[in-house]
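First to last, the protein sequences are chains A and B.
FYI, in this note's numbering the residues of the first sequence are 7 to 240.
FYI, in this note's numbering the residues of the second sequence are 7 to 240.
C-beta: ideal position from N, C-alpha, C; glycine also.
Protein chains: 2
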Amino acid sequence: MEYYREDSAILLAVDCIIFGFNGESLQVLLIKRDFEPERNKWSLMGGFVQPDESPELAASRVLKKLTGLENVYMEQCSVFGDPKREPNSRVVSICYFALIDTQKYTHILSEEYEAKWFPLQNYPTLIFDHDQMIASAQHRLRMKAALYPILFELLPEKFTIPQIAALYEGVYNIEFDKRNFSRKLLSSDLIIKLDEKDKENSKKGAFYFKLNTAIYKEKIMSFLRYLPSWFPEN
Amino acid sequence: MEYYREDSAILLAVDCIIFGFNGESLQVLLIKRDFEPERNKWSLMGGFVQPDESPELAASRVLKKLTGLENVYMEQCSVFGDPKREPNSRVVSICYFALIDTQKYTHILSEEYEAKWFPLQNYPTLIFDHDQMIASAQHRLRMKAALYPILFELLPEKFTIPQIAALYEGVYNIEFDKRNFSRKLLSSDLIIKLDEKDKENSKKGAFYFKLNTAIYKEKIMSFLRYLPSWFPEN
DNA sequence: ATAATTAGTGTCAAATTAACATTTATTTTT
DNA sequence: AAAAATAAATGTTAATTTGACACTAATTAT
């Protein structure tokens, strides 16, 4: 096979950027490596793509191994493949970001690893190019969340409007007028009001809402400035 | 090195989805393969990532080999890695989309390949999963172009407003009111009017414009429905 | 000179946004 | 038990943007 001549082997890995939201700030789940190289330093959770599995499957496997969770929102983001990115071998890593509802994350299975949530604003120095991976995933998350309502993946089934507001503020690192935010959100029909109230976080209590999944599906939330705002039609 | 045990080799490739705009419709550049497997079928231009090069470099190299162009707008998009995506070996391919100004593409170097532009609406069946690659790149292009003014990369230095309008219409496959489009575009300060007119395409002639590169840089063009429209500040 | 063609500007009502004020439900304090 | 404190939720309004439509302008072909 002429075609495949002289092409040398490259190891292929996946790394997972696991985002969570604790009600205050956006968090990222990191592990302390218990193996060489770079033992005892913080890093993303990763693993090698096996001969019989797709990169997506590898990423899900890695995520499950760490968190015990399946059917999590995951999305491929950038590939890091600089020949010198790892000192001892040529590893090309495909990054995935996962959005998880931290209430479902119980840290049972991960006794095996030393895993810890860190705020995205302030996490330790990571091995190799993992910092860049997080930065790139964060950029991707912002971009995607500007067009699609994926941030709801970070919230539990029932959530309050102040919670969503705090989440958006955390992701984009800005503050905005909660009154206008609330009005926009409600007018989208994306969320459905429940009778129950969350009394944990305030005296008055905030009504719980749930997602309107019919509208949620692939709904684009923002529109190109140069496109009419009716695009795309739902 | 315990760490890297039992991880088997996977071939790593890149494939380029090369977009161009001919003034009417969005086009994609395909080649007729002159090698096995799948000789004489249409496909994307691709190549293997070499031991000493990054995937980005591989993609640029492949693009240059086909088009002779360098310093082209290129962006990583999705990775295709299904174990069975190629019949004879395990190849994981990283896709890149390139936006090229077709006026710069002269097809000199590519005598070596049989390359041809096809409209994105109607191109031949491609080998392997290359159709999916194009679909995915198109989706990515739409998403990115909804937030950033990257479509200007497809136009020559000087362009007219009717050209930009046709381009946006081609990318999103819709028609819209040219008067409102023009008003929005002009109010953005993204383009600067020149004295010269393009007389090729109409009797009256349309004024040429050039990009305002200062404003172009990373300008976000659309805003999250749930974010105030002043975000992000430039 | 006139028609044809497409570029470019103009109008205006309706919808949306940004900025700001008030009311409501509940708990804590006095 | 009344008052203060807290945070949620709803309300107000002027300014801006949008969408839909009409018109004028520049040029070429007839």
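For residue i, I'd like the list of residues in its chain whose CB is within less than 8 Å of its CB, leaving aside the five on either flank, ordered along the chain.
i        : result
Asn46/B  : Lys38, Arg39 and Asp40
Asp195/B : Asn218 and Ile221
Glu181/A : Glu175
Tyr10/B  : Caution applies to Tyr10/B, whose pLDDT of 43 falls short of 50 and renders its modelled position unreliable; the value that the coordinates give is listed next. Result list for Tyr10/B: empty, nothing under 8 Å.
Leu5/B   : Coverage of chain B is limited to positions 7 through 240, which leaves residue 5/B absent and any answer about it impossible.
Gln109/A : Pro162
Pro168/A : Lys184, Asn207, Ser208 and Ala212
Which residues share a DSSP beta bridge with residue i?
i        : result
Gly53/B  : Val20/B
Ala104/A : Ile24/A and Met80/A
Glu120/B : Lys38/B
Pro125/A : Gln33/A
Ser4/A   : With chain A running from 7 to 240 in the structure shown, residue 4/A is simply not present.
Ignore the nearest five residues each way along the sequence and tell me which others in residue i's own chain have a CB closer than 6 Å to its CB.
i        : result
Thr73/B  : Tyr111
Leu132/B : Trp48 and Ser49
Could you tell me which of the options sits nearest to residue i, measuring between CA atoms?
i        : options                                  : result
Phe103/A : Leu35/A, Lys210/A and Glu42/A            : Leu35/A
Ala151/B : Val20/B, Asp58/B, Leu69/B and Glu81/B    : Glu81/B
Lys223/B : Gln109/B, Phe187/B, Ile156/B and Pro61/B : Ile156/B
Phe25/A  : Gln127/A, Gly211/A, Val55/A and Glu44/A  : Gln127/A
Asn28/B  : Val78/B, Leu160/B, Met149/B and Arg67/B  : Leu160/B
Pro93/A  : Pro125/A, Phe54/A and Asp135/A           : Asp135/A
Asp107/B : Asp21/B, Ser188/B, Lys164/B and Glu42/B  : Lys164/B
Arg91/A  : Lys70/B, Lys216/B, Val78/B and Glu59/B   : Glu59/B
Val68/B  : His145/B, Ile197/B, Glu120/B and Ala19/B : Ala19/B
Tyr129/B : Tyr119/B, Glu120/B and Ile140/B          : Ile140/B
Pro61/A  : Asp21/A, Met51/A and Glu30/A             : Asp21/A
Take residue i and list the residues in its own chain whose beta-carbon comes closer than 7 Å to its own, dropping the five residues that flank it on each side.
i        : result
Gly87/A  : Val98
Arg96/B  : Ile16, Leu17 and Pro89
Asp204/A : Thr166, Gly211, Ala212 and Tyr214
Ala143/A : Ile23, Cys83, Cys101 and Phe103
Pro43/B  : Pro93 and Asn94
Lys70/B  : Glu76
Arg231/A : Per-residue confidence for Arg231/A stands at a pLDDT of 40, beneath the threshold of 50, marking its modelled position as unreliable; the derived number appears in the next sentence. Same-chain partners within the cutoff: there are none.
Give me the Cα-Cα distance between residue i and residue j, rounded to the nearest whole angstrom.
i        : j        : result
Pro57/A  : Ser66/A  : 15 Å
Arg185/B : Leu192/B : 11 Å
Arg148/B : Tyr178/B : 7 Å
Glu76/A  : Ser208/B : 58 Å
Asp183/A : Lys190/A : 11 Å
Ser188/A : Ala64/B  : 47 Å
Val55/A  : Val85/A  : 13 Å
Lys216/A : Tyr79/A  : 17 Å
Ala121/A : Gly53/A  : 15 Å
Lys199/A : Glu206/A : 18 Å
Ala171/A : Tyr119/B : 54 Å
His241/A : Glu30/A  : Here chain A comprises residues numbered 7 to 240, so residue 241/A is not present and cannot be evaluated.
Trp123/B : Met51/B  : 12 Å
Asp137/B : Leu105/B : 18 Å
Ile197/B : Pro125/A : 40 Å
- Item | Start-end ranges of the alpha helix (DSSP H) lying completely within the stretch 164 to 231 of chain A, minimum 4 residues | Entirely contained in the stretch 164 to 231 of chain A, the alpha helix (DSSP H) runs reaching 4 residues are, in chain order, 167 to 178, 184 to 193 and 219 to 222.
- Whole beta strand (DSSP E) elements within the stretch 56 to 89 of chain B, 3-residue minimum: Those beta strand (DSSP E) runs which fall completely within the stretch 56 to 89 of chain B and span 3+ residues are 79 to 86.
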